[in-house]
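Protein chains in written order, with this note's numbering: chain A, 384 to 714; chain B, 12 to 559; chain C, 2 to 401. Cβ coordinates follow ideal geometry from the N, Cα and C atoms, glycine included.
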Amino acid sequence: MQSVISIILQRLALGLLTLFVVSVVIFTAVNMLPGDFAQAILGQGATPEAVEAIRKDLGLDQPPITRYFQWLGNAIQGDLGNSFAQANFASFAGADTGVSTTVAQQIAPRFANTMFLAAVTACIAVPFSITLGILAALYRNSVFDRATNVTTLTSISSPEFFLAYVLILFLAVLNPMLPSLSNIFDGMSFGERLEKTLLPALTLTLVVTAHMMRMTRAAIINLLASPYIEMARLKGMSPMRVIVKHALPNALAPIINVIALNLAYLITGVVVVEVVFVYPGIGQLFVDSVKIRDIPVVQACCLIFAAAYILLNLLADILSILSNPRLRHPK
Amino acid sequence: MSLLVEINDIYIDGRSDETWSPIIKGISLELKKGEVLGLIGESGAGKSTLGLAAMGFTRDGVRISGGSVKFDGIDLLSASAAQKRSLLGKRIAYVAQSAAASFNPAHKLIDQHTEGPVQHGVMSKAESAEDGIELYRRLRLPNPEEIGFRYPHQVSGGQLQRAMTAMAMACRPDLIIFDEPTTALDVTTQIEVLASIRDIVEQFDTAAIYITHDLAVVAQMADKIKVLLKGDEVEEADTRTMLSAPKEDYTKSLWAVRAFERPQKPAVHTSATPVVSVQNVSAAYGKVRVLHDVSFDIHEGRTVAVVGESGSGKSTTARCITGLLPPTEGVIQFDGQSLPANYKKRNKDQLRQAQMIYQMADTALNPRTKIGDIIGRPVQFYMGLTGKAKRRRVEELLEEIELPASQYIDRLPSELSGGQKQRIGIARALAAEPKFIICDEVTSALDQLVAEGILKLLARLQDSLKLSYMFITHDLATVKAIADEVVVMKEGKVVEQGPKHDMFVPPHHPYTDLLLSSVPEMDPDWLTNLLNERGVDNIGDAAVDKMS
Amino acid sequence: MSTIVTLILLLVAIAGGGWVLRFAGQQATGNAPVFRDMPFAVAFGYVLGAALLLFSIWYFFQPTVTDAGVPNAGVVFFRWAVQFFLMSALAAYLFRLLGRNLGTAGSKKLFRQMPLTASFGVLIILIYAITAIFAAWLAPFGQEEIFARVNVLPGGNEATGGDPMHPLGTDQIGRDLLSRLIYGAQNTVGIAFVTTCLAFFLGGTLGFLAATLQGWLDQVLSRAVDVLMAIPSLIFALLLMTIASAWAGSERWLLTVYMIVIIAVIDSTRVFRLARAVGLNIVVMDYIEAAKLRGEGLGYLIFKEILPNATAPLLAEFGLRFCFVFLTIASLSFLGVGIQPPLADWGTMVRDSSQFINFAAFSPLTAALPLLAAGAIALLTVGVNFVVDWMLHKSSGLKE
């Protein structure tokens, strides 16, 4: 047991380290902007006074290392800085309205929305794809297996927006069952929210299911080829018992791994799908901010996405260590 | 006595690239209650496929296309899945080649042991567990009460193999199929497993089909032997007849292999400078020391066999000599001159003088390079020959290794058989015109007949080119065949060394003794005699413990 | 709610059908092994499959126009999909037949082993390659040419708002959509191809170097790649594109160049991983040791010993990477930060025409436009993936 804990602690430390380095990379990348933020957001026509004011306001007169640690320190405490878009607007209005939106304020509700979308997707996709994957592995080379293979391959190959529009076409336009726009706001009932989220969630499900199902199938086939499964069959065990007693305990690690990896994959998919359905999540905020070059928001979103990604990969790693009998019962 | 197993004219096909090709071509087999049949053949003979077919089982991509399999009067090929399941594990059991892979890593040994009896309704879980412990005891496993509560990865290979035999015995089956149960084990471990399998099969009067490629092993275990060759039966006879008077040429040739032996050469002058001299070499992987103070000499035109079980440091010694693993202490001398420790520091001529032939010809030849280029590269690299001169030299070398040049020069390695590939490896080494060649288990991946051809070729080349060999092997028959001097290694140390004929005559270091006596011989009474000699209690772990 | 009840009832009926099928089969064939050992799930699957097939056939033959004269858009789209599917299968079959009877012995053998999906993939890749290379000759008009009539509907039928000059219609500023679709092949596919080549050059070289030399170089490169791969690639690409757009300023073509470099660098990390792993597997082979002990240099090791043995996995990876890069670029363009106008590009076309999808119920042809551009993207990646899937299956030698 001692060794498992130390391995897990090692992985955790490694994950934290990676996150730290990633934050440096993101910060450095942003600092590669020509001129500086102030110039970039105000454009060529800005007065030197306005530029100077923003520069001071953002602390741009400090050396980069100081700024990095300030940014990181604030970020850890939940303060992700002020949104440029707001600052920009305020300076154009020529007056300090006193209402400055912080990045954290912008991100928080959208982050919750995205988590809701991801959770709904996971609830549909995980059981569905794992069942499909196991079935395809059990009946491999059958018509069913070949059909699923072609379908999932097609689904993987299609861009997310293609799948989204096909679903909109069939489920929203031709058969008006679900809304094609996901305008979600506070104070909605859970049922309404779910209804509005269903179509984007289904799109993501299509994308993720294909990956997850193929990976599950490969993992199970790999497992069914192992000599101990043959041994169990040669001991005269029923097919059900072979699966439940002999295959599943060993399949847990690869399946958990598949799930975590695909949830991490969801993060990328979420961006495009949120834009298609105008879903007010962090992905859409990210794309909007990219377009208007709202650097603090871009930076913050990037960090959140990366953190989630690293965390899920870490989780996959740790869970598969925990489900390995060789590590749980050392010599 | 009635027949237990009756296989009649069975045909089995295997699928490759969407087409079916035959693996077994019409073999019949009969087995009475309590009888042990040895199935023997080279790799690809179809032994395992036939063994599984006797259980009415085929692997994926394999099908039975004709004939019948009857077990105790039940036709297994037309039986329903449920009916077959009620026989498997209960009346027919299977012991696989690799116990480590065939035990489920997620469950304890005893739980896997009791699964069969409980599911087949033979015993309750508690009864079966108690019985399991008794079986472990009879199979002479250490700590029988406690070993079952371990997970497979916590138990050593030889012990797992016995635990698997116990598991096969759990329902007291009428028939057990043993599929090469000792092939993956070292010789000293193999003996314990063989002895326990034979005892328990006798005690319970179980019939068995024992599959192996090792003649000496099957001679100990079987009442009768069937020889297979590429899916066909060669002949079948009871063990003693088969050993003393084989009928078919193929069988005779299998038996004859063991007869090849070079005469012992006279001792070398003590004053002569050895070609290679390993002097007090120690080496380590990272912080783990794997070689301790190893010294031996190799003289011109002679073969030094380095013998030991896996992990004894044989191959590490070779890596030190070639400079892949610079020793932490000691030096390697070549013709009286010290070689730089790291191969990167050696000059072209030093590299050329010492060549190497590998165990797995498959990985030793670049699969994307034509034979002519594989042999041609050292010719060009060291001798500077190009164009026609290079081609002529390559042709000469191919003739030297007895392969017609015109036929082979443009082929890829994948178009060659295992033995031919090994010959190409030899030709590549010869192309550098070295004085010294390291042969790393060059015959152990080959079937016996082919291996003998390689050994004869190496012997001939040694005489005509005055080559020195360092011959790494774990097989004492090979040592007998080709060595002039023998170095015995264990746990990174040289245990004993000397001329060959001394090594095969007692008295020895106790480890050499154990090693030598553990190599199965063709005599069917060998195991019985050996066990009597050692005293049953002395066998197994106890014997090894005493040594170390 | 009633939909769910109907669905459940249907499933129960199918389950009953499965049981009947198995029982009837057992009776009719005198308990033949096929029916005797058939699990219930399999019987259920057969009946479900048959039910779906029957429903599809029935739906296919529904009228395309309802009694009220309104187009029955669902049936129209379904017919298009089925017809497209059948036509592709037929084309793939004919193409394979052609390949089996024409060409060298080697290519004939290749086509003989090919499954239908793979031959479909090869056909698609060929068509796209030809379209991309000869776009200037194939397209009726230039990609930036503007016509007087805007928003012409596709179909080329004057009666339904089309124009025979523009079979796919024109966009909101009057550019010929067929021409833009054809040029889109050149731009989108071409840029993706260049990017993938660059990613391979970078990742492949460094990966093999790391595998061969090992030591500190391998450590440094591998850790750097670990960090870069810890950021999801689309997110990272978007971040860097923000910065690149500031650098590029008003020079839009420069932004496209930046995009190529950015995606190539991000993707080269994946190539690096694979090249290094493949390289490491080869480096442990005895023939590499033999070459090292012969005194061969680094160049010989990489080009003569390692590379020839890595071509199969690298080729498959090239296909997968290309798909990935292609989809990333399409997504970026769709989000508005990828290939910049006036270059015709499929991702941008989808975004610009996406609102037409809402007219599907009245005018299926109009709604087909965004699907056509998106489908053009999907079709190529599907084709490439089919071929790669077959290659991987073949090289793994898995007979499963």
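Interface flag, residue i vs chain B, CB-CB below 7 Å
i: Val-482/A; result: With a pLDDT of 44 at Val-482/A, under the threshold of 50, the predicted position of this residue should be treated as unreliable, and no value is reported.
i: Pro-708/A; result: yes
i: Asn-524/A; result: no
i: Met-614/A; result: yes
i: Asp-1/C; result: Residue 1/C lies beyond the stretch modelled for chain C, which goes from 2 to 401, so this question has no answer here.
Same chain, Cβ closer than 8 Å to residue i, neighbours up to 5 away in sequence not counted
i: Ala-245/C; result: Leu-256, Tyr-259, Met-260, Ile-263
i: Ala-311/C; result: Phe-209, Ala-276, Val-279, Gly-280, Ile-283
i: Val-35/C; result: Gly-26
i: Ile-15/C; result: Phe-45, Val-48, Leu-49, Ala-52
i: Val-292/B; result: Leu-302, Asp-304, Val-305, Ser-306, Thr-328, Cys-331, Pro-338, Glu-340, Gly-341, Val-342, Ile-343
Below-7 Å beta-carbon distance, residue i vs any chain A residue
i: Arg-96/B; result: yes
i: Ala-375/C; result: yes
i: Ser-108/C; result: no
Proximal chain A residues relative to residue i, where beta-carbon distance stays under 7 Å
i: Thr-243/C; result: Val-673, Arg-676, Val-681
i: Thr-118/C; result: Val-533
i: Asn-154/B; result: Here the premise fails: no neighbours, minimum Cβ distance about 14 Å.
i: Met-66/B; result: Leu-617
Continuous alpha helix (DSSP H) stretch holding residue i: start and end
i: Gly-25/B; result: Taken as a continuous stretch (DSSP letters only), Gly-25/B belongs to no alpha helix (DSSP H), being part of the beta strand (DSSP E) at 14-27.
i: Gly-67/B; result: Where Gly-67/B is concerned, there is no enclosing alpha helix (DSSP H), given that its DSSP letter is neither H nor E.
i: Glu-203/B; result: 198-214
i: Val-655/A; result: 631-659
i: Asp-700/A; result: 678-705
i: Lys-325/B; result: 325-333
Where the beta strand (DSSP E) containing residue i begins and where it ends
i: Gln-344/B; result: 340-345
i: Gln-28/C; result: Per DSSP, Gln-28/C belongs to no beta strand (DSSP E); it is in the alpha helix (DSSP H), 3-29.
i: Ile-626/A; result: Run containing Ile-626/A: none; DSSP gives neither H nor E here.
i: His-124/B; result: Unbroken run through His-124/B is the alpha helix (DSSP H), 120-130; no beta strand (DSSP E).
Where residue i falls, given that 16 or more other Cβ within 10 Å makes a residue buried
i: Trp-391/C; result: buried
i: Cys-506/A; result: exposed
i: Thr-397/B; result: exposed
i: Gln-445/A; result: exposed
i: Gly-185/C; result: buried
i: Val-549/A; result: buried
Contact with chain C by residue i, beta-carbon distance below 7 Å
i: Arg-70/B; result: no
i: Asn-353/B; result: no
i: Tyr-720/A; result: The structure shown has nothing for residue 720/A, since chain A only spans 384 to 714.
i: Leu-350/B; result: no
Spatial neighbours of residue i in its chain, beta-carbon cut-off 6 Å, leaving aside the 5 residues before and after
i: Val-238/B; result: Ile-51, Val-245, Glu-246, Thr-262
i: Leu-10/C; result: none
Partners in chain B for residue i, counting only beta-carbon separations shorter than 9 Å
i: His-594/A; result: None at all; the shortest Cβ gap to chain B is about 25 Å.
i: Asp-38/C; result: Ser-91, Ala-92, Ala-93
Interface residues of chain B facing residue i [CB-CB closer than 8 Å]
i: Asn-633/A; result: Asn-115, Pro-116, Ala-117
i: Gly-619/A; result: Lys-95, Arg-96, Ser-97, Leu-98, Leu-99, Gly-100, Lys-101, Gly-127, Gln-130, His-131
Partners in chain B for residue i, counting only beta-carbon separations shorter than 7 Å
i: Pro-365/C; result: The contacting residues do not exist; Pro-365/C stays about 42 Å from chain B at best.
i: Pro-610/A; result: Ala-107, Ser-109, Ala-112, Ser-113
Any non-hydrogen atom of the ligand GTP closer than 6 Å to residue i Cβ
i: Asp-142/B; result: With respect to small molecules bound, the structure shown includes none, and the ligand GTP cannot be examined in it.
Contacts around residue i, its chain only, beta-carbon distance under 7 Å, and the 5 residues preceding and following it disregarded
i: Gly-387/B; result: Lys-401, Val-405
i: Phe-78/C; result: Pro-365
i: Glu-272/B; result: Lys-491, Ala-492
i: Ser-559/B; result: Residue confidence is low: Ser-559/B scores 34 on pLDDT, short of 50, so the model does not pin down where it sits. No coordinate-derived value is stated.
Interface residues of chain C facing residue i [CB-CB closer than 7 Å]
i: Ala-412/A; result: Leu-240, Leu-241, Ile-244
Partners in chain A for residue i, counting only beta-carbon separations shorter than 9 Å
i: Val-338/C; result: Val-670, Val-673, Lys-674
Within chain C, partners of residue i - CB distance below 9 Å
i: Cys-506/A; result: None at all; the shortest Cβ gap to chain C is about 17 Å.
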